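Trainee: Counting in the numbering used here, the sequence shown runs without a single skipped number right up to 289 at its last residue. Idealized CB from N, CA, C, for every residue including glycine. Here the structure is a predicted model, which means the values were calculated and not measured. I have a structure here, written as structure tokens, and I will follow up with some questions on it.
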Amino acid sequence: MRLQLAASILIGLASANAAPVISELMFHPPHLDGRENPLREWIEIHNPASREIDLTGWQITAGVSFTFPPVSISPGGYLVVAANREAFETLHPGVNAVVGDWTGRLSNRGETIRLTDHTGMEIDRVDYADSGDWATRHPGPDDRGHTGWVWHSPADGDGKTMELRNPALSNRTGQNWLPSTPELGTPGERNSAFTLNLPPLIEKVSHHPQVPGPTDLVMVRARITDDLTTPTAVVRYRVSTLDPGAFRTIEMRDDGFLGDEIAEDRVFTAVLPAQPDRTVVEFYLEAFD
1 MRLQLAASIL IGLASANAAP VISELMFHPP HLDGRENPLR EWIEIHNPAS REIDLTGWQI
61 TAGVSFTFPP VSISPGGYLV VAANREAFET LHPGVNAVVG DWTGRLSNRG ETIRLTDHTG
121 MEIDRVDYAD SGDWATRHPG PDDRGHTGWV WHSPADGDGK TMELRNPALS NRTGQNWLPS
181 TPELGTPGER NSAFTLNLPP LIEKVSHHPQ VPGPTDLVMV RARITDDLTT PTAVVRYRVS
241 TLDPGAFRTI EMRDDGFLGD EIAEDRVFTA VLPAQPDRTV VEFYLEAFD
């Protein structure tokens, strides 16, 4: 299965009620002195709202443990939560909006980071990883004449951070994150990966039945989101053979008809035709704005 996205144009408008978001991660610091130092980890929080937000008593309750002291984020501002303030300020002496220290350490392989308010309500959550949408595939090392594929991200120990591209869209998918351009990231300022020209986000792709019979229609579904407009989407599919030919195209729907369950719920559906027994079908999705 391959997910493919086409470009979209998106204009973000600040809202007074927009909630703070996790916007940048230094989860695997570079080995600046020849060894790994988790004290150099940090998490950036961004306030996209047009009003100041008081974070006093808020917590990071997954990934690491931290309770915010009396502190606020200005409208459109940033706050860094550092594993160790002294270690952070040594590398970033010009960043003033920083709090710390936290308990624990971030996983180099990925985990959940959870931000809650003073009542314990979850405000934001990021499930980052070092593979999938959070990384890219590269040829692996030669193994007796054979080369496989490995996941790689410049944010995974190579000096970059993972940056949220557009805070107006979901930060729960790696499609909305990129490694930073500068070494050691952009703590306390707009991300280098920031953009208003982000493709629609394709998430939770599924097909049903999982193992269809020769008379079964196959429902392909995905959650597809864009901020200010309704995207369009298609499924491209073909029968996998030695000479498969061109992909066929079926429009995905979000209107409550032809297999789509609920209109305008951002879950798009397409119905693939039944195929003979032992047929293998390959498909991918495209979304447009």
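Report the rounded CA-to-CA distance for Ala287 versus Pro182, giving the unit in angstroms.
Mentor: Computed Cα separation, rounded: 30 Å.
Trainee: Give me the Cα-Cα distance between Pro20 and Ser240, rounded to the nearest whole angstrom.
Mentor: About 46 Å.
Trainee: Does DSSP put Ile9 in a helix, in a strand, or in coil?
Mentor: The predicted position of Ile9 is uncertain, since its pLDDT is 25 and thus under 50; no value can be drawn from it.
Trainee: Candidates Asn171, Ser180, Thr215: which alpha carbon is nearest Glu203's?
Mentor: Out of Asn171, Ser180, Thr215, Asn171 has the C-alpha closest to the C-alpha of Glu203.
Trainee: Pull up the DSSP beta-bridge partners for Thr225, would you.
Mentor: Answer is Leu201.
Trainee: Under a three-way DSSP split, which group does Val183 fall into?
Mentor: For the record, residue 183 in the displayed sequence is Glu; it is not Val. Note: Glu183 maps to coil in three-state DSSP.
Trainee: Starting from Glu282, trace the beta strand (DSSP E) in both directions and tell me its first and last residue.
Mentor: Segment 281–288, the beta strand (DSSP E) holding Glu282.
Trainee: If we count Cβ pairs, one from each stretch, closer than 8 Å, do we get three or more for the stretch 175–194 versus the stretch 60–74?
Mentor: Counting Cβ pairs under 8 Å, fewer than three are found: no touch.
Trainee: If Gly236 sits next to Phe283, beta carbons under 8 Å apart, how far is it from one beta carbon to the other, in whole angstroms?
Mentor: Note that residue 236 is Arg in the sequence shown, not Gly. At roughly 6 Å, the Cβ-Cβ gap stays under 8 Å, so Arg236 and Phe283 are in contact.
Trainee: For a quick check, are the C-beta atoms of Ile187 and Phe27 less than 9 Å apart?
Mentor: The sequence given here places Pro at residue 187; Ile does not occur at that position. No, they are not a contact pair.
Trainee: Quick one: Cα of Pro29 to Cα of Gly57, how far?
Mentor: Approximately 27 Å between the Cα atoms of the pair.
Trainee: Could you pull out every unbroken alpha helix (DSSP H) segment of at least 4 residues lying fully inside the stretch 67–154, listed in chain order?
Mentor: Within the stretch 67–154, the complete alpha helix (DSSP H) runs of at least 4 residues are 85–91.
Trainee: When DSSP labels each residue in this structure, what does Gln59 get in the three-state scheme?
Mentor: Three-state DSSP puts Gln59 in a strand.
Trainee: Would His208 be called buried (16 or more neighbouring beta carbons within 10 Å of its own) or exposed?
Mentor: Classification of His208: exposed, given that the 10 Å Cβ count is below 16.
Trainee: To which residues of the same chain is Met252 closer than 7 Å at the C-beta, ignoring the five residues directly before and after it?
Mentor: Hits under 7 Å: Ala233, Val234, Val235, Phe268, Thr269, Ala270.
Trainee: For the candidate residues Phe194, Leu201, Asn37, whose alpha-carbon lies nearest to that of Asn108?
Mentor: For the residues Phe194, Leu201, Asn37, the minimum Cα distance to Asn108 belongs to Asn37.
Trainee: Could you pull out every residue in the same chain whose Cβ sits closer than 6 Å to the Cβ of Pro273, ignoring the five residues on either side in sequence?
Mentor: Correct list: empty, nothing qualifies.
Trainee: Going by the beta-carbon positions, is the gap between Thr173 and Asp117 smaller than 9 Å?
Mentor: It is not a contact, given that the beta carbons lie outside the stated cut-off.
Trainee: Mapping DSSP to helix, strand and coil, what is Leu39?
Mentor: Residue state, collapsed to three classes: helix.
Trainee: What is the rounded straight-line gap between the Cα of Arg2 and the Cα of Leu285?
Mentor: Bear in mind that the predicted position of Arg2 carries a pLDDT of just 36, short of 50, making it unreliable; the figure below should be weighed with that in mind. Cα to Cα, Arg2 sits roughly 7 Å from Leu285.
Trainee: Report buried or exposed for Gly94, applying the criterion of at least 16 other Cβ atoms within 10 angstroms of its Cβ.
Mentor: Per the 10 Å Cβ criterion, exposed.
Trainee: I'd like the list of long-range same chain contacts for Asp124, defined as Cβ closer than 6 Å, with 5 residues on each side in sequence excluded.
Mentor: Hits under 6 Å: Val21, Ile22, Leu115.
Trainee: Using only alpha-carbon positions, find the residue among Ile53, Gly104, Ala62 that is nearest to Leu79.
Mentor: Minimum Cα distance to Leu79 is reached at Ile53.
Trainee: Starting from the C-beta of Thr229, find all residues in its chain whose C-beta is less than 7 Å away, skip the five residues before and the five after it, and write them out in chain order.
Mentor: Asp289.
Trainee: With 16 other CB atoms within 10 Å as the buried threshold, where does His46 fall?
Mentor: Counting Cβ neighbours within 10 Å, His46 comes out buried, since at least 16 surround it.
Trainee: Taking the C-alpha atoms as reference points, what is the distance between Thr279 and Pro244?
Mentor: When rounded, the distance between both Cα atoms is 12 Å.
Trainee: Around the C-beta of Trp42, are 16 or more other C-beta atoms found within 10 angstroms, so that it is buried, or is it exposed?
Mentor: So Trp42 counts as buried.
Trainee: In chain order, what residues of the same chain have a beta carbon less than 6 Å from the beta carbon of Asp156, not counting five sequence neighbours either side?
Mentor: Only His28, Asp130 meet the Cβ criterion.
Trainee: Per DSSP, which residues does His28 bridge with? Please list them.
Mentor: Looking at the DSSP assignment, His28 forms a beta bridge with Asp156.
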